[in-house]
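Below is one structure, written out as structure tokens, with a few remarks after it.
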Amino acid sequence: MPEINDNIESDAELLQRVGWSGSGPEERHQRKRNFWVAFAFMSPAILLVSSVLLVPVGYNIYLSFTKWKKFKGLDEFAGFGNYERLSTNPFFTDAFYNTSIWVGASVLFPLILGLGLAVLVRGMLFESLFKDIIFIPRILAPTAVGVLWFYVYAPDGVVNRFLGLIAGREVDIGWLYQDNTVTPAIIVTFVWQTVGLVMVLILLGLNAIPKDPIEAAHMDGASRLQVFWYITLPLLLPTLLVVTILSVLAGFTVFDLLWVMGASYPGQRTLSLAVFQYFEAFQKGSWAFGSAIAVVLGIVVLTVTWTQAILQARVDRMIR
Amino acid sequence: MELSSITTAAFVAGTVTLGAGTTMAGDVELFHDKGFWSEALQQVGDVAGELTGNRIIESAYAAPEQYKAFIQSSAASGDMPDMFTWWTGGIFEELVSSGQIGSLDAVWDELISSGDFDASLRDFYTVDGVAYGVPLHLSRWVALYNKAQFADAGISEPETWGDLMDAAEKLKAAGHTPFHATAQDGWRGFIWFQEIMIRTNPEAYKGLHDGSVAYDSDAVRNAFQIWSDWYANGYFSDPRSNEEAADFARGKGAIYLIGDWAIGLVEAAGMKAGDDFSAFIMPNQDPSLQSSAILEGGPIVLSKAALDKPDVVNALKFFVSVDGANAWAGASGNALGNNNAEPPNSVVAKINADVAAKGTIALNRWWEAVPAELQGEFVAEFNRFMLDPTMETAEKVMTTIQSLNADYWASQ
Numbered sequence: 462m463p464e465i466n467d468n469i470e471s472d473a474e475l476l477q478r479v480g481w482s483g484s485g486p487e488e489r490h491q492r493k494r495n496f497w498v499a500f501a502f503m504s505p506a507i508l509l510v511s512s513v514l515l516v517p518v519g520y521n522i523y524l525s526f527t528k529w530k531k532f533k534g535l536d537e538f539a540g541f542g543n544y545e546r547l548s549t550n551p552f553f554t555d556a557f558y559n560t561s562i563w564v565g566a567s568v569l570f571p572l573i574l575g576l577g578l579a580v581l582v583r584g585m586l587f588e589s590l591f592k593d594i595i596f597i598p599r600i601l602a603p604t605a606v607g608v609l610w611f612y613v614y615a616p617d618g619v620v621n622r623f624l625g626l627i628a629g630r631e632v633d634i635g636w637l638y639q640d641n642t643v644t645p646a647i648i649v650t651f652v653w654q655t656v657g658l659v660m661v662l663i664l665l666g667l668n669a670i671p672k673d674p675i676e677a678a679h680m681d682g683a684s685r686l687q688v689f690w691y692i693t694l695p696l697l698l699p700t701l702l703v704v705t706i707l708s709v710l711a712g713f714t715v716f717d718l719l720w721v722m723g724a725s726y727p728g729q730r731t732l733s734l735a736v737f738q739y740f741e742a743f744q745k746g747s748w749a750f751g752s753a754i755a756v757v758l759g760i761v762v763l764t765v766t767w768t769q770a771i772l773q774a775r776v777d778r779m780i781r
Numbered sequence: 002m003e004l005s006s007i008t009t010a011a012f013v014a015g016t017v018t019l020g021a022g023t024t025m026a027g028d029v030e031l032f033h034d035k036g037f038w039s040e041a042l043q044q045v046g047d048v049a050g051e052l053t054g055n056r057i058i059e060s061a062y063a064a065p066e067q068y069k070a071f072i073q074s075s076a077a078s079g080d081m082p083d084m085f086t087w088w089t090g091g092i093f094e095e096l097v098s099s100g101q102i103g104s105l106d107a108v109w110d111e112l113i114s115s116g117d118f119d120a121s122l123r124d125f126y127t128v129d130g131v132a133y134g135v136p137l138h139l140s141r142w143v144a145l146y147n148k149a150q151f152a153d154a155g156i157s158e159p160e161t162w163g164d165l166m167d168a169a170e171k172l173k174a175a176g177h178t179p180f181h182a183t184a185q186d187g188w189r190g191f192i193w194f195q196e197i198m199i200r201t202n203p204e205a206y207k208g209l210h211d212g213s214v215a216y217d218s219d220a221v222r223n224a225f226q227i228w229s230d231w232y233a234n235g236y237f238s239d240p241r242s243n244e245e246a247a248d249f250a251r252g253k254g255a256i257y258l259i260g261d262w263a264i265g266l267v268e269a270a271g272m273k274a275g276d277d278f279s280a281f282i283m284p285n286q287d288p289s290l291q292s293s294a295i296l297e298g299g300p301i302v303l304s305k306a307a308l309d310k311p312d313v314v315n316a317l318k319f320f321v322s323v324d325g326a327n328a329w330a331g332a333s334g335n336a337l338g339n340n341n342a343e344p345p346n347s348v349v350a351k352i353n354a355d356v357a358a359k360g361t362i363a364l365n366r367w368w369e370a371v372p373a374e375l376q377g378e379f380v381a382e383f384n385r386f387m388l389d390p391t392m393e394t395a396e397k398v399m400t401t402i403q404s405l406n407a408d409y410w411a412s413q
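Rendered as structure tokens:
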């Protein structure tokens, strides 16, 4: 006959241990009270977020279904007219495609480079100094960075002169004027500016990894590469996912660099959805149409980041 | 006691500091998007204060898009600024259609009867028979030229189309680039297009602006062919420069087609008007065509509510008066068309004399004449041509522009 375990806890004790204090009327009243106290403390933040975020976003969505007469304001309800116009707009497809390139590049290159720099810099002599130097571009205003690199890429700028030294002849590439070079050139600038932040975040993640499994792996004879690939990288995954989410957002919303560096490029309005939206809304004054573009961009961004958040949650559960 | 003294001192210092930045009674705010003229406008504003008691306070918005959004939202909310600058052309008509801009017919009646302004200039700011603006500046688009390079090439100001082509060849032979043109800031692509159009077919040029002439018509194709040929002949400077005025001062192009408002920029870059450079009106390809020049005249407008504010109306009248025009010319190098004011520099004086001698008529600048919704996309295509000036590119440019143009006019 199996032994009876005298240590079986009661249902109430079991529920209390997992955080469920009970379902009696007193407990329910306490939970309600706690909820309203918490809500009271959160209400200033809720008010702020509602007024500066939710209300404008809601109004923007509303506006996207209207016709807006310049200088006269709201004209009439337009249904899905703005969205239909968007679907046939020749510049929208190009802007969408270029935005996809931006998102891909803004995730891939800073991540790979940032990870490499973090691993390289970590533990080396003068680590702090190197971190600071690599981080400096991040603290510069994007507009200032754009102006600086506009001249770096100028026909007689640093890049062409450097290439000329290597090639032994004059190099005259219009980096910011040609269809096939403008986006890669601006992506290089973007990576230059953002890699410092990515490196710092990854370093934080690396420092948070417990040393025990790594030491144990070394003792078992694993090489540095094996330790990195099978232990460090999986444990770093949550950090990398956070970095990816931030990079995706940055890729979707990049504007300053494209605006400043793409100023003389004929296809500037198609460099990204954000720039396209700015042209339509503010240069042409088509606020309702611009709102429709913003809604589409918002839906795309929400979809991608929501997918990433689900992924993040799964990885977190896996790690635990 | 000590704390009280410190507090009092801080209070007084704060009040003085605040007072220094605030407007006084009688001050009138002028909103604009031309930050490069902020200092000059404030100089005029200070003179206005000294002479009339109504100081003009300039208030600049950095980017034209932000400025347009500000005015647009002000109009939508029914709270227009009292006095602000705008543009002529279709965008001016859109502003007037808001019903919130005041009629300046009474002001123009005074200006014309005093002889300060010609009646023909009023038309520039008239919509449906009512004048709604006065000039902030009035600029003719002329060919500034480098006197030293002209002397080096042994040429003088071209009077005919043949002279112009001859000048280009001689400048090239002397090692100078004849024509200076860039795509700087993304808006300049239309400059040589408009110039070649008005020199070859001014009627077609006007037809482009009301949709009666297509952008892929023979007249436009002819203009692109001339433009492309000139690039092929090596007549143009590198369009990728971002320092157009400074490059002209550095001698990177002998002939610089631009509004005479750029004279101040060229002087700031180191050339002296009259001594180092002068200007001429470009000749027509067909000598039987009347002499013409592109005229650009951004207006200052008043809101309807501002008409009931004597301070605002006085400030506006001062700006276009002889004293105001002289102050503006001295501060910015710009003229605003007041016949009795001093020309801002010897080059503008010379152009005024040429215009009078030739009976040069004014044509609306392309930027203002084209529908506002199409400006950005069209000029981007002109820039595209400048960066790859072949007829193959020209055909694609014409096709793209005409597609957008046709859609626009079909929807009107």
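These protein sequence lines map, in sequence, to chains Z and S.
With the working numbering, letter number 124 in the first sequence gets 585, and the count goes up by one each step, no holes.
With the working numbering, letter number 280 in the second sequence gets 281, and the count goes up by one each step, no holes.
Beta carbons: idealized from backbone N, C-alpha and C, even for Gly.
Backbone secondary structure at residue i - three-state DSSP
| i | result |
| --- | --- |
| S/Val214 | coil |
| S/Tyr146 | strand |
| S/Val131 | strand |
| S/Thr86 | strand |
| Z/Ile634 | coil |
| Z/Gly759 | helix |
| S/Lys351 | helix |
| S/Gly22 | Its pLDDT being 46, under 50, S/Gly22 is placed unreliably in this model, and the coordinates cannot settle the point. |
| S/Val13 | Low per-residue confidence applies at S/Val13: pLDDT is 43, beneath 50, and the placement is therefore not dependable enough to give any value. |
| S/Ile295 | strand |
| S/Glu374 | helix |
| Z/Leu586 | coil |
Min CB distance residue i to chain S below 8 Å
| i | result |
| --- | --- |
| Z/Phe596 | no |
| Z/Gln654 | no |
| Z/Ser725 | yes |
| Z/Ile771 | no |
| Z/Gln738 | no |
| Z/Pro571 | no |
| Z/Ala615 | yes |
| Z/Gln729 | yes |
| Z/Phe532 | yes |
CB contact check: residue i to chain Z, cutoff 8 Å
| i | result |
| --- | --- |
| S/Asp309 | no |
| S/Leu31 | no |
| S/Arg385 | yes |
| S/Arg241 | yes |
| S/Ala294 | no |
| S/Lys69 | yes |
| S/Gln73 | yes |
| S/Ala76 | yes |
Assumed close pair residue i, residue j - CB separation to whole angstroms, cut-off 8 Å
| i | j | result |
| --- | --- | --- |
| S/Asn340 | S/Asp117 | 6 Å |
| S/Arg366 | S/Ile295 | 5 Å |
| Z/Ala755 | Z/Lys528 | In fact, because the Cβ distance is near 16 Å, the residues do not count as touching under 8 Å. |
| Z/Ala711 | Z/Thr655 | 7 Å |
| S/Glu245 | S/Thr178 | In fact, because the Cβ distance is near 13 Å, the residues do not count as touching under 8 Å. |
| S/Ile362 | S/Gln286 | At roughly 17 Å, the Cβ-Cβ gap does not stay under 8 Å, so S/Ile362 and S/Gln286 are not in contact. |
Selection from the options that minimises the alpha carbon distance to residue i
| i | options | result |
| --- | --- | --- |
| S/Ser289 | S/Ile199, S/Ala357, S/Tyr257 | S/Ile199 |
| Z/Ala556 | Z/Thr705, Z/Ala742, Z/Val736 | Z/Val736 |
| Z/Thr560 | Z/Met779, Z/Gln744, Z/Arg778, Z/Val709 | Z/Val709 |
| S/Ile102 | S/Ala358, S/Lys305, S/Lys318 | S/Lys305 |
| Z/Thr693 | Z/Gly629, Z/Leu576, Z/Ser752, Z/Trp767 | Z/Leu576 |
| S/Ala358 | S/Ala168, S/Ser293, S/Leu31 | S/Ser293 |
| S/Lys351 | S/Ala175, S/Asp261, S/Glu297 | S/Asp261 |
| S/Ser347 | S/Ala326, S/Ala280, S/Met387, S/Val313 | S/Ala280 |
| S/Leu308 | S/Gly265, S/Gly252, S/Met81, S/Asp186 | S/Met81 |
| S/Val313 | S/Lys35, S/Ala41, S/Ala49, S/Met272 | S/Ala49 |
| S/Glu378 | S/Ile362, S/Val135, S/Ile402, S/Asp389 | S/Ile402 |
| S/Gly254 | S/Phe151, S/Met283, S/Glu268 | S/Phe151 |
| S/Gly252 | S/Pro300, S/Gly298, S/Gly208, S/Ser238 | S/Ser238 |
Residue i CB to nearest heavy atom of the ligand NAD below 7 Å
| i | result |
| --- | --- |
| S/Ala215 | This structure lacks the ligand NAD, and indeed carries no ligand of any kind. |
Positions along the segment 177-201 of chain S whose CB lies within less than 7 Å of some CB in chain B: Given the protein chain composition of this structure (Z and S), no chain B is represented.
The segment 632-641 of chain Z contacting the segment 676-694 of chain Z, beta-carbon criterion three pairs below 8 Å: Per the Cβ contact rule, the segment 632-641 of chain Z is not in contact with the segment 676-694 of chain Z (fewer than 3 Cβ pairs under 8 Å).
Given 8 Å, three or more beta-carbon pairs between the segment 373-383 of chain S and the segment 185-198 of chain S: Taking 8 Å as the limit for Cβ pairs, the verdict is that the segment 185-198 of chain S does touch the segment 373-383 of chain S.
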